[in-house]
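Report on one structure; see the data block that follows.
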Amino acid sequence: MTDNTTPHRIADTRADRGSARITYPNSLPRPEGELEALERVWAAPKGWRKLSVVNNNYIGVYYVGASFLFFILAGLLALIIRVQLATPDNQFIGHELYNQLFTMHGTVMMFLFAVPAVEAMAVYLLPNMLGARDLPFPRLSAYAFWAYFAGGLAFFCSIFFGLAPNGGWFMYPPLTSTEYSPGINADFWLLGIGFIEISAIAGAVEIIVGILKTRAPGMSLDKLPIYAWAMLVFAAMIVIGFPAVILATALLEVERAFDWPFFIAERGGDPLLWQHLFWFFGHPEVYIIFLPAAGMVSMIVPTMAQTPLVGYRLVVLALLATGFLSFGLWVHHMYTTGLPHLSLSFFSAASSVVAIPSGIQVFAWIATIAAGKLQLKTPALFILGFLFIFTLGGLTGVMVAMVPFDWQAHDTYFVVAHLHYVLIGGMVFPLFAALYYWIPTVSRQPLSERVGKWVFWLMFLGVNITFFTMHITGLVGMPRRVYTYPAALGWDTLNLISTIGAFMIAAGVLLFTIDLVRRFRVTDGPNAGNVWNAGTLEWLPAGDYQTRSIPEVRSREPIWDQPNLPEDVKEGRYYLPGTATGQRETLVTTPIDARPQYLLQLPGPNWGSFLAALLTAAFFMGLTIKLYVPAMIAGGLAIAAIFWWMWDTDHGGSDTEVDVGAGIKLPVNASGSVSHSWWGVVTLLLVVAMIYICLVFSYLFLWLVNGDAWLPDAARLPELWQPALSALAWIGSSIVVILAGRLLSAGGWVAPALLLLLAAPLLPLGIWLEVQGQLETGLRPTETSYGATVYMLSALQGVFVAAVMLSALFVVLRCLVGLVHNGRRASFDNLQLLWHYATAQGLVGLLVVHGFPRLVGMG
Amino acid sequence: MGDPFDIVSGIQSVLSPAGPHAAWVAQLSWVMFGAGGLILLLVVVMTALAIFAPAGFRQAVGQRRTVVIGGILFPLVVLAALFLWVLNGSSALVTAGPPGLRVEVVGERWWWRVHYLDPEDRVHMVTANEIRIPTGMPVEFRLRTADVIHSFWVPSLAGKLDMIPGRINSYRFAVDKPGVYRGQCAEYCGEQHAKMAFYVVAMEPAAFEDWYGAQTLPAAEPALASEELGRDVFEANGCGACHTVRGTAADGVIGPDLTHVGSRVSLAAGILPNNRGTLAGWISSAQHIKPGNLMPSFDTLSGPELRALASYLESLK
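Which chain is which? The protein sequence lines are U and V, in order.
With the working numbering, the residue at position 39 of the first sequence is 48, and numbering never jumps.
With the working numbering, the residue at position 144 of the second sequence is 1444, and numbering never jumps.
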C-alpha cells in the first residue's frame, strides 16, 4: 500500500462499528513456507512465456486493454465519418469507404468493444470480488481472449484492403445476400463476429459458473455484490440472446455459400426473418452492454458516497426485470416494417415499461448519494455524467417507443443521437468511471485526478455537443447512413457542430490514453491499495493468487463491517491460507448460501489455449478468404490444441480430504451435478438448445408467412418408418452410452471405450437416414425455403453431432492411457450429457419435420 | 434556408408538418420534449440536492422510499398517461372509406418508380421520382420494392414505411396545403442510399386533374430543330433500351419513364434541379454524380449532341 497522503485517498468517515469477537478459521502463526508455496503455484510465467498465462489477473487486464484498443480504432473510424459529414456535398471520402466505415464503426463498437469490454472487466473483477482465486475455467478464458484478439484484429484489417463489410452493422438481407453483395465483404462480417460469439459464450459460461459456484464462504445470494448480480443476468441474457444471432449469421452464410433461400422472397424466404432473429438478439444486446455497467455504478456509488447502496433488493429486482423485459422489445426496431398495429401496441407498451427498472436504479443511486456524502473524485464525476447522459437517452428511448413518433424518428439522426446517449451514457461513462475506480487494484499507482477532471469535462461536453445536436438533425429530416447530403436542407450547421463535438471527445480519450501510458503499471507486487476506502473483497491485499486466505463474508461490504479484515486475510487467518494439494485451487461453494462444498484444482498456464485461439482465428479467416485447405488444416490443429489444453483439466477426486480451516474438511474435486464442469456443460447446452429453438422458430415463422401451401402434403413427406429408423439410431446410441457409464462405475475402462466407439457411428447414421429420406421425396434445399429449413435442421444436428464425436474421441483417448476410471470420470460424464442432449435434439427435429406438416394437414 | 438559426422549418422536416399525420406527430414530439426536459431537470436537481443539500434534507432523500416513488410510481403514472394518449391520438387518424387516390411506389436502387393506379389496381400512369397529389383528401400509397429493402419517408407529411421484398405495405395520408415536400429513402440500401430522394408536390384538386390529364398524354413532339436533333441522339445512343418515352419507339423499363421528364422538379432521384444544364451534366457524367447507379456516363457525346439531347428532354413537359 502507498502512503496515506496521496490526494486520491478517501478517509474512512464511517462510524466505527466496534469490534465483536471473531473466531478465525485458521490460527497464527502460519507454518513456514506456506505463503511461498502459494506464491510458487500461482506465479505467472515470465518473458515470452507470458503468452501462455491463463490466470484472470493477467487475461482480464489484457482483455480490457484489447477492448480499449478497439474502442480507439472504432472511434477513429467515427472521426473520419464526422470529417466527411462536416460540410454538405463533401468530397473527402467516397461512398465506398464511407459505407464500410459506418458498418465497421457500429460492428467494432458493439462486437469488439462493448461486449468484450464488459466481459473483460468481469474476467478481471469477478474472482477478486467473489473471493475466488481464479475463474472456474481459466484456460477457456485465455482461449476466448486470444481468439477474440487475433480474430478481431484480422477482421479490423479488412478495412485496409477495402474488403470491410458494407451492409451496416445490422446486415439486413437482401442487401447482404449474394445478389446484392457478391464480394467477400459480407462474409468478413458473418465470420468475423463468429469470434465474439465464441468469446461471449465462453464468458457467459465462466461467469455463471463462477458466480454460482466459487464465492467466498458466507457470501449468500443476498450478500452478493450488485455487480455480480448484474453479471449473472448479463450471462443469462447472452445464453438466451446470442443464439439468435448465431443462428441468423449461420443461415445467411449458408444462403450466401450454398444458395439455400432463407431470406430470398422469390423462393419463400423472408427478409423479415433476419430482422426478427437479429433484433431478438440485438435489443437485449443493448442491455447486455448496459447491465454490467449499471452493476459497476452500483459498486462505485456506495464507495464514493461511503454508504451502502439504498434499495439493494429493488436494484436486484430491477436487474432481473430488465433482463426479462428486454426479450419482449425487439419489435420496436421494426415499427416501420408494416406489422399489424395490435402487435405494435404490445411492443410499444413493453418498450415503455422497461424504463421502470432503469428508473429504479437511477433513483437508488441518487438516494445513495443523498444518504452518504459524495466525494467528487474522477470516478464520481463520470458517474454524474453518466446519470445525466443516460437519463436523457432513456427519455428519448421512451419517445421512440411511441409508435407514431418512431415512424418519424426511425433511421434518422434522432435515433443516432438516442443510441449514442444510451450507449455512451450507459456504458462508456460507467466504464471510464470503473477504470479510474479499479485501476488502483492492478496498478502501482492510480491515474491522475487532475488530468481525470480534464478528461471528464472534454468527454462530457463533447458527447453532448456531438449528440444532442443530432436529435435536431434527425428531426429536420436527415436519415442515417448517408455518405453525404445536399446543402439546401438546413443540416450544414448542425453537422459541423457535431463534428466539433466529436473531436472534443477524441481529445478527452487521447488525454486519458496519455495518462494511462504515464501512470498505469501492472504490478504483481503491492498495488496502489484501497484508495477509495471501498468495502468489497476486490480491495483486499492480493497477489497473483488473489487473497492470501479466502475470507468469510458476513455482510455486503465486508471490509467496512469486519474490522481488520484486510490484515487478517493477509496474515492467513481465513480459509485456505496456502495450497492444500500443491496445485492451484479455489473453494467451490453452494449456489445459494455459499457453504464450502469441495476444493477445486484449477489448471495453470498452458500453450494449448493460445495456440487453439490463433488456429481458430486462422480457420475462420481461411474460410472467409476462401483458402479452404489451409482453413481445414488450421481447424484440425485447433481441435488438437483444445485436446491438449483439456487433457490435464480432469484431475479426478482424491481419497483424502483437505482441511481448509475452521475444522472444515473438503473433498478434492468432484464429479456429477456438484462439479463445476457439469454446470459449465449444462450452460453450454442451454446455448445450443436456444440455437436449435431459434431454427424451429424460423421454420414456424416461414410457415406463417407463406401459409399452409408452404408445407408439403403428407403424401410427399418421407414415410414414417424413415424418421422412426433415425430415432432408433439415436436412442440406441444413448442406451449404449448409458451402458458404458454403468460399466465405468463397475470399474472397467476397456468396455466403456469400446462401447463409445460402437455408439458413435449411430449418431451420424441417424442424420444420414433423415437426409436420405428427404432427398428421396425430391426435396432440395436450394429450391424453397421449406427445403432449406428442413435440411438446415439436419445440418445443425450434424454440427452438434460432430462436436459430440470429437468429445467421444477425446474420452476414448483418455481411456486408452488410463485417465478415465470411476474415480476420474468428469470428462465421461460431460460427454454423456452432450450425447443425450444430441439424441433429444434430434428427436425434437424429427417431430417438427415429420409431425408438424401432418398435424397441419389433419386440421 | 438562409437563416442558420431556423432549424425547424424545411421541406423535409418533422417539425414543419403539412398534413394531419405529421401534425399529430409534431404535436406529440413537442409534448414529449417538454415533459422529457422537465423530467431531466428533476433528475439533475435531485442529484444536485443529494450532493449539496443540508444533511437533514439529504437524509430524507436517502431512503428506499425515494426509489419506490421516483423509480416506480412516478414513471408508471407518466408512462401510462403517455401511452394511452398516444394510442387514442393515433386511432383518431385512421380514416375509413375509399382513398381519394392510389399511388404505387416501387423502390429501385436508387430511385423511385411511381405508378398511379386505377380503381381496379391496374397501372394507369407511370412517372418517377416525383409524386403529385391533390390536397385535402387521403391518398393511399402502396409500397413495394424491386430489389433490396427501402423505406418511403416524407417527413413533412407522414412517418416512414418500409418497402420489403415479397411484401406490399400500404398506408394513407393527406396534405393540407399546396406545396413541394421532399422525401428520402430511410433504409440503408447500398452504395447510393444517400442520393435516393424524391419530391411530393401537393396541388389544388383542380390543378392536379389538369396535371394528371397532361401526364397521361404521349410525349410532346419536338418543336425546334435542336429538339428534333436531340430526339435523334436519344434514339441513336440506345436510350430507349432503358427508358420509355410514350409515343416514340423508346419503351425500356429499366430506368425511369421519361415521357414528361421536363415537367419534373428534380433529376436523378431528387438530387439535381431540373434544367437543360443539369440534364446535360447528368447524361454525360451520371457515374460521377451518383457512382454505381445503372445509368452509364455518356461522356463520348459531342457538345452539340449533348446540348440537343438535353433540350429535347427538357421539352418533354
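C-beta: ideal position from N, C-alpha, C; glycine also.
Since we're looking at a predicted model, the values are computed, not measured.
Practice task
Leaving out five residues on either side along the sequence, give the residues of the same chain with a beta carbon under 7 Å from the beta carbon of G402 of chain U.
Solution key: By the criterion of a C-beta distance shorter than 7 Å, G402 of chain U is surrounded in its chain by H427, Y430, V431, G434 and G435, once the five residues flanking it on both sides are discounted.
Problem - Host alpha helix (DSSP H) of G1407 of chain V (start-end) - result: Bounds of any alpha helix (DSSP H) do not take in G1407 of chain V; it lies within the beta strand (DSSP E) bounded by L1401 to E1408.
Practice task
From the DSSP output, in three-state form, read off G1483 of chain V for me.
Solution key: In this structure, G1483 of chain V counts as strand in the three-state DSSP scheme.
Practice task
Go through its chain and collect everything with a Cβ distance to L256 of chain U's Cβ below 7 Å, but skip five positions before and after it.
Solution key: Only L286, I700, C703 and L704 meet the Cβ criterion.
Problem - Burial state of H685 of chain U (16 or more Cβ within 10 Å) - result: That one is buried.
Practice task
Report the rounded CA-to-CA distance for R1369 of chain V versus T223 of chain U, giving the unit in angstroms.
Solution key: Strictly speaking, residue 1369 of chain V in this sequence is Ile, with Arg absent from that position. C-alpha separation (whole angstroms): 37 Å.
Problem - Residues in the segment 76-110 of chain U having any Cβ partner in chain V nearer than 8 Å - result: So the close ones are G103, H104, E105 and N108.
Problem - Chain-ordered neighbours of L281 of chain U on chain V, where CB pairs are closer than 7 Å - result: Close partners of L281 of chain U in chain V (Cβ separation under 7 Å): I1464.
Handout entry: Cβ pair N137 of chain U, T633 of chain U closer than 8 Å
Key = Their beta carbons are not under 8 Å apart, which means N137 of chain U does not touch T633 of chain U by this criterion.
Exercise for the section: Mind listing, in chain order, the continuous beta strand (DSSP E) runs of no fewer than 3 residues lying wholly within the segment 1484-1515 of chain V? Expected result: Listed in chain order, they are 1497-1503.
Exercise for the section: Within its chain, find whatever has a CB closer than 6 Å to the CB of R142 of chain U; leave out the 5 residues flanking it on each side and keep chain order. Expected result: Around R142 of chain U, the same chain offers Y554, Q555 and T595 as residues with beta carbons nearer than 6 Å, after the five sequence neighbours per side are excluded.
Exercise for the section: Taking only the alpha-carbon atoms, compute the straight-line gap between V669 of chain U and E48 of chain U and give it to the nearest angstrom. Expected result: Approximately 17 Å between the Cα atoms of the pair.
Practice task
Assign D420 of chain U to buried or exposed, taking buried as 16 or more other Cβ atoms, counted over all protein chains shown, within 10 Å of its Cβ.
Solution key: With a 10 Å radius around the Cβ and a threshold of 16 neighbouring Cβ atoms, D420 of chain U comes out buried.
Practice task
Can you say whether G854 of chain U is buried or exposed, counting buried as having 16 or more other CB atoms within 10 angstroms of its CB?
Solution key: Under this definition G854 of chain U is a buried residue.
Handout entry: Spatial distance of V1314 of chain V from G483 of chain U (CA atoms)
Key = V1314 of chain V and G483 of chain U: Cα-Cα distance of roughly 8 Å.
Exercise for the section: Report the residues of the segment 1518-1534 of chain V with a CB closer than 7 Å to any CB of chain U, ordered along the chain. Expected result: Going along the segment 1518-1534 of chain V in chain order, one finds no residue with a Cβ nearer than 7 Å to chain U.
Handout entry: Residues that D1551 of chain V bridges to, as DSSP identifies them
Key = Per DSSP, V:T1544.
Practice task
Would you list the residues sitting across from A1428 of chain V in a DSSP beta bridge?
Solution key: Per DSSP, the beta-bridge partners of A1428 of chain V are V:R1413.
Handout entry: Residues within the segment 304-329 of chain U neighbouring chain V, beta-carbon criterion of under 7 Å
Key = For the segment 304-329 of chain U, residues whose beta-carbon sits nearer than 7 Å to a beta-carbon of chain V comprise V319, G320 and L323.
Problem - DSSP-derived helix/strand/coil call for S1566 of chain V - result: Taken through DSSP and simplified to helix, strand or coil, S1566 of chain V comes out as strand.
Problem - Whole-angstrom distance between H1321 of chain V and V1394 of chain V, CA atom to CA atom - result: So the alpha carbons of these two residues sit roughly 10 Å apart.
Practice task
Scan the segment 552-579 of chain U and note each continuous beta strand (DSSP E) run of 3 residues or more that stays entirely inside, going in chain order.
Solution key: Annotation: the segment 552-579 of chain U contains no complete segment of the beta strand (DSSP E) (minimum length 3 residues).
Handout entry: Residue-level contact to chain U via CB, A1339 of chain V, 8 Å cutoff
Key = It should be pointed out that residue 1339 of chain V corresponds to Ile in this sequence rather than to Ala. Put simply, the CB of I1339 of chain V is near chain U, with a gap under 8 Å to one of its CB atoms.
Practice task
Tell me, to the nearest whole angstrom, how far the beta carbon of S361 of chain U is from that of L1379 of chain V; I am working on the premise that it is less than 8 Å.
Solution key: By a beta-carbon distance limit of 8 Å, S361 of chain U contacts L1379 of chain V. Their separation comes to about 5 Å.
Problem - Residue span of the beta strand (DSSP E) that contains D668 of chain U, given as start and end - result: Looking at the DSSP string, the run of the beta strand (DSSP E) that includes D668 of chain U is V667 to G670.
Exercise for the section: Measure from the C-beta of S1313 of chain V to each C-beta in chain U and report whether the shortest distance is under 8 Å. Expected result: Using a CB distance cut-off of 8 Å, S1313 of chain V counts as an interface residue toward chain U.
Handout entry: G782 of chain U and R789 of chain U closer than 8 Å at C-beta
Key = Between G782 of chain U and R789 of chain U, the C-beta spacing is not below 8 Å.
Exercise for the section: Kindly indicate if chain V contains any beta-carbon less than 8 Å away from that of P495 of chain U. Expected result: For P495 of chain U, the answer is yes, since a Cβ of chain V falls inside 8 Å of its Cβ.
Problem - N194 of chain U versus V667 of chain U: straight-line alpha-carbon distance, rounded - result: Using only the alpha carbons, I get a separation of about 56 Å.
Practice task
From the DSSP output, read off the bridge partner residues of A1458 of chain V.
Solution key: A1458 of chain V pairs with V:V1454.
Problem - CB-CB length for W466 of chain U against L520 of chain U, believed under 8 Å - result: The pair is not a contact, with the Cβ atoms about 10 Å apart (cut-off 8 Å).
Exercise for the section: Pick out whichever of U:S743, U:V677, U:Y344 and U:L611 has its Cα sitting closest to the Cα of G662 of chain U. Expected result: It is U:V677.
Problem - Cβ shell of V371 of chain U (< 7 Å), same chain only, five flanking positions each side left out - result: Here the set comprises L396 and T400.
Handout entry: Close-in-space but distant-in-sequence residues of the same chain around L852 of chain U (CB under 7 Å, 5 per side omitted)
Key = Excluding positions up to five away in sequence, the list reads A736 and W739.
Exercise for the section: Below 6 Å CB to CB, which residues in the same chain sit around T771 of chain U once its five sequence neighbours on both sides are set aside? Expected result: According to the sequence displayed, residue 771 of chain U carries Leu and not Thr. A738, G741 and S742, listed in sequence order.
Practice task
In angstroms with no decimal places, state the Cα-to-Cα distance between A762 of chain U and V424 of chain U.
Solution key: Answer to the nearest angstrom: the Cα atoms are 58 Å apart.
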